[in-house]
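Novice: Numbering (the UniProt record's numbering), first residue to last: 1 to 152.
#1: What whole-angstrom Cβ distance do residue 59 and residue 39 have, given they're in contact under 8 Å?
#2: Report yes if the CB atom of residue 65 is closer than 8 Å to the CB atom of residue 5, and no otherwise.
#3: With three or more C-beta pairs closer than 8 Å as the rule, is the region 143-150 touching the region 111-123?
#4: Among the residues of its own chain, which have a CB less than 7 Å from the CB of residue 88, if the five just before and after it don't count?
#5: Which same chain residues end up closer than 6 Å to residue 7 when comparing Cβ atoms and leaving out the 5 residues on each side of it in sequence?
#6: Based on the DSSP output, what are the partners of residue 25 in its beta bridges?
#7: With H, G and I counted as helix, E and B as strand and the rest as coil, what does DSSP make of residue 10?
#8: Use the C-beta contact count for residue 14: other C-beta atoms within 10 angstroms, 16 or more gives buried, fewer gives exposed.
#9: If distances are taken between C-alpha atoms only, which option among 29, 20, 28, 109 comes closest to residue 41?
#10: By DSSP's criteria, residue 137 is part of a beta bridge. Which residues make up the other side?
#11: Would you tell me roughly how many angstroms separate the C-alpha atoms of residue 27 and residue 143, rounded to the nearest one?
#12: For the putative contact between residue 25 and residue 50, defined by C-beta atoms under 8 Å, what is the C-beta separation to the nearest angstrom?
#13: Return the first residue and the last residue of the alpha helix (DSSP H) that residue 112 is part of.
#14: Can you tell me which residues form a DSSP beta bridge with residue 36?
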C-alpha cells in the first residue's frame, strides 16, 4: 500500500500531506495513540472542540513527517482475540444480580404504584451486562483502561 498522504483530517476527511502543518487538540484525552485526532485546519479543530464541549482547549500546530520518516517508523499492529463473540466471553462470568432489588422495588412502587415480580431483577441485570459489554468495547477501542459515562 503506497499512499501519497500522511493521514486524513478526522472532521472533513481531507488528506493531510507529508511535511505539512496540521493541528491536534490540546486536551489529553483527544490525543490517543491508536486513534489520534489530527485536523487539517483550525476550523476543523473548532468543529471538534464545539462538538465535545471542551472548556479550556486550543489547537496545537505540528508538522507531519516526510514520506521517508513515515515509512521507516515502526508500525503498530492490532491483533484481535480469537474469540469472535461476546456471548462466549460471559459464559465463565457469574450471573449475579447487578441492581439493589429493594431500591428498584421502592422506585417502581413510588413512580407507578406497582409491585415488582421476582424476574425483573434478572432481566434488568442482563440488560446492564449487555450495555456494559458495549461500553467496555467502546472504551477499549479508544485505548482507555477506564470505563466512563460517555461509553454508554
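Glycine is no exception: its CB is placed at the ideal position from the N, C-alpha and C atoms.
Specialist: Per the coordinate set shown:
#1: What you label residue 59 is simply residue 59 of the chain shown in a count that begins at 1. What you label residue 39 is simply residue 39 of the chain shown in a count that begins at 1. Sure, about 7 Å apart at Cβ, within 8 Å.
#2: For the purposes of this step, residue 65 is taken as the residue at position 65 of the chain shown. For the purposes of this step, residue 5 is taken as the residue at position 5 of the chain shown. It is not a contact, given that the beta carbons lie outside the stated cut-off.
#3: no
#4: Position 88 of the chain shown, counted from the start, is the residue given in the question as residue 88. Residue placement at residue 88 cannot be trusted, given a pLDDT of 40 that sits under 50; the coordinates are not used to answer.
#5: Here residue 7 refers to the residue found at position 7 when the chain shown is read from its first residue. So the qualifying residues of the chain are 16, 38.
#6: Indexing the chain shown from 1 puts residue 25 at position 25. According to DSSP, which records beta bridges pairwise, residue 25 is partnered with 59.
#7: Residue numbering aside, residue 10 sits at position 10 when the chain shown is read from its first letter. Coil, per DSSP.
#8: Here residue 14 corresponds to residue number 14 of the chain shown, with the count starting at 1. Classification of residue 14: exposed, given that the 10 Å Cβ count is below 16.
#9: Within the chain shown, residue 41 is the residue found at index 41, counting from 1. Checking every option, the nearest Cα to that of residue 41 belongs to 20.
#10: Within the chain shown, numbered from 1, the residue matching residue 137 stands at position 137. DSSP lists no partner for residue 137.
#11: Indexing the chain shown from 1 puts residue 27 at position 27. Indexing the chain shown from 1 puts residue 143 at position 143. Distance between the alpha carbons of residue 27 and residue 143: 15 Å.
#12: What you label residue 25 is simply residue 25 of the chain shown in a count that begins at 1. What you label residue 50 is simply residue 50 of the chain shown in a count that begins at 1. Not quite, the Cβ-Cβ distance comes to about 12 Å (not below 8 Å), so this is no contact.
#13: As a first step, residue 112 is located in the chain shown; it is residue number 112 there, counting from the start. Looking at the DSSP string, the run of the alpha helix (DSSP H) that includes residue 112 is 101-112.
#14: Mapped onto the chain shown, residue 36 falls at position 36. DSSP output for residue 36 lists 31 as bridge partner(s).
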